[in-house]
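Structure first, then comments.
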Amino acid sequence: MSLSDVGIEALAVALPRRYLPIEALARLRGVEPAKLTVGLGAREMAVPDPGEDSVALAATAVQRLLATSGLDPARVGLLAVGTESGVDSAKPVASFVQGLVGLPREARVFDVQHACYGGTAALLAASEWIASGAADGRVAIVVAADVARYGARTAGEPTQGAGAVAMLVSERPEVLALDLGVSGAFATDVHDFWRPVGRREPLVDGHYSIQCYLDAVAGASRGWRARAERRGLVTKGAPASAQLARLAYHVPFCKMARKAHLHVRRTELEDRLGRPLDADELAAEDAAGAASFERQVVPSLELPARIGNTYTAALYFGLTSLVRQGGPALGGQRVGLFSYGSGCASEMYSGVVGARASEVVARAGIDDLLAAREPLDGEGYERILALGAGEPLDEAPAPGAFRFRGVVDDKRTYARA
Ligand code: COA
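What follows is the structure, given as structure tokens:
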């Protein structure tokens, strides 16, 4: 049983047209491929050209959501976009999307920026808006959309990607009913990853960012666990994370989910014991943790491994993967989600997968979108990487997609297929 009748009713995604197999990047940079495939858990990396910016990706995902869910746009009372790769310091991505897709003028329209956590902040705010009654029967659309770009030849380069997930949030949570009020937040003021205004690529202290993420997942999971125990969602007798059918973690790169899951388990064990694990206990936990990661978390990595980092959208590609991989058998089961945004803010929350979730998610046509992508070689990747932010490739949008087509009279313009 879920704690609310509010959550995700349907979702749709947008992906860049091209991707780079990760071995091609390893060859290009003279790096041992296993460092990227095994060390980071990467397989393919979406490579957007400047025509596929956060607005184009978000608008494409929303357009597909309207088409596949049959939603009457007039019912949308709130549109929130979580992004950290917006295209303007004042005008939100959400306003572009509202105009491009034709959402009501009476809607509350805004962006949420907090690094990779912005999509989760938007989703929880929209869900609480509906649960509070303020929605007055209307629904919300929440979009997580980002272009994750690092500099060429930097440590972050293999962890790029781009994409958007648009979610219809309503009182018919056919994909995921949220356990509203059962979440753990954890935030600190750190410089692990930041992007001063005007810079195209972020500054990042990569290894420190991993430590900040681990501190955050420990803090947030403690908060979620305490509330889940108090509300009777999990019993105190057994580790709380083990009582979840699956978990999806924010994935800047797939291996991070493994580190996070093992850290959550170890935190739980040590909190229960009131002391650090000894050598024997650590050895036993190594084996148990690895098995639990395979069963509970690996299903969430299907799409992140094919797309790469998508900042705000990464967790929601993870959730989409869980539903796709779990099939109808996952219906009715509780899953956990952990969102992390550098800077930092994070939150762990849970929800119950709907009985028809896999059928609803299948409408997003993700297999077709993946199959339609074009692989790049190293040279093609370098050509796209060298394009200026205002220099989209001169090509028509893919069917059903929007593209940025340049700046005219100081204003960004978009084309639709
Ligand atoms: N075969 C298998 N594994 C290998 C390998 C090889 N030939 N060579 C290295 N590895 C492993 C390393 O042991 C390491 O694994 P571990 O983390 O489990 O110890 C992993 O590959 C990465 O190697 P490392 O040397 O740490 O990589 P790096 O210094 O180039 O940077 C990041 C890795 C993640 C810090 C970097 O990609 C980055 O800055 N990313 C952007 C920021 C980010 O994503 N932060 C995450 C939190 S938000």
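Under this note's numbering, the letters of the sequence shown match residues 2 to 418, in that order.
Ideal placement from N, C-alpha and C gives every residue a C-beta, glycine not left out.
Relative to the non-hydrogen atoms of ligand 1, the Cβ of residue 308 never comes closer than 8 Å to any of them. For residue 287, the enclosing alpha helix (DSSP H) covers residues 280-293. Separation of residue 111 and residue 416 (C-alpha to C-alpha, rounded to the nearest whole angstrom) is 22 Å. DSSP places residue 324 inside the alpha helix (DSSP H), whose first and last residues are 315-327.
Using a cutoff of 8 Å, the CB of residue 349 does not count as near ligand 1, since none of the ligand's heavy atoms is closer than that.
Annotation for residue 259: the continuous alpha helix (DSSP H) segment containing it runs 255-274. Burial check for residue 193: the Cβ neighbour count within 10 Å reaches 16 or more, so the residue is buried. Residue 11 is a Cβ neighbour of residue 169, given a cutoff of 9 Å. With a threshold of 16 other beta carbon atoms within 10 Å, residue 414 falls short and is exposed. Between residue 59 and residue 144 a beta carbon distance of about 5 Å is seen, short of the 8 Å cut, so the two are scored as contacting. Counted as a single uninterrupted DSSP element, the stretch harbouring residue 214 is not any beta strand (DSSP E) but the alpha helix (DSSP H) occupying residues 207-231. Per the coordinates, the alpha-carbon of residue 142 lies some 21 Å from the alpha-carbon of residue 184. Within the region 59-93, the complete beta strand (DSSP E) runs of at least 3 residues fall at 77-83. Between residue 346 and residue 188 the beta-carbon gap is near 4 Å, inside 8 Å, which marks them as a contact.
Here residue 140 is bridged, per DSSP, to 77. Runs of the alpha helix (DSSP H) spanning 4 or more residues and lying entirely within the region 114-163 occur at 119-132, in chain order.
By the criterion of a C-beta distance shorter than 7 Å, residue 289 is surrounded by no residue of its chain, once the five residues flanking it on both sides are discounted.
Here the region 198-206 makes no contact with the region 92-107; the two share fewer than three CB pairs at distances below 8 Å. For residue 78, the closest C-alpha among the options 95, 62 and 86 is that of 95. Note that the region 332-350 does not touch the region 33-47; fewer than 3 beta-carbon pairs, one per stretch, sit closer than 8 Å. Relative to ligand 1, residue 46 has its C-beta separated by 8 Å or more from all heavy atoms. Of the residues 402, 410 and 299, the one whose Cα lies closest to the Cα of residue 62 is 402. When DSSP reads this structure, residue 15 sits in a beta bridge with 165. By the criterion of a C-beta distance shorter than 6 Å, residue 76 is surrounded in its chain by 139 and 140, once the five residues flanking it on both sides are discounted. Residue state for residue 375 is assigned as strand, using DSSP reduced to three classes. Per DSSP, residue 5 is not a residue of any alpha helix (DSSP H), being assigned neither H nor E.
In this structure, DSSP gives residue 370 a helical state, which the three-state scheme calls helix. In the displayed model, residue 171 falls within a strand according to three-state DSSP.
The shortest CA-to-CA distance from residue 327 to any of 195, 356, 258 and 316 is the one to 356. As DSSP reads the structure, residue 45 sits in a beta bridge with 22. For residue 177, the enclosing beta strand (DSSP E) covers residues 177-188.
Here residue 236 is exposed: its Cβ has fewer than 16 other Cβ atoms, across all protein chains shown, within 10 Å.
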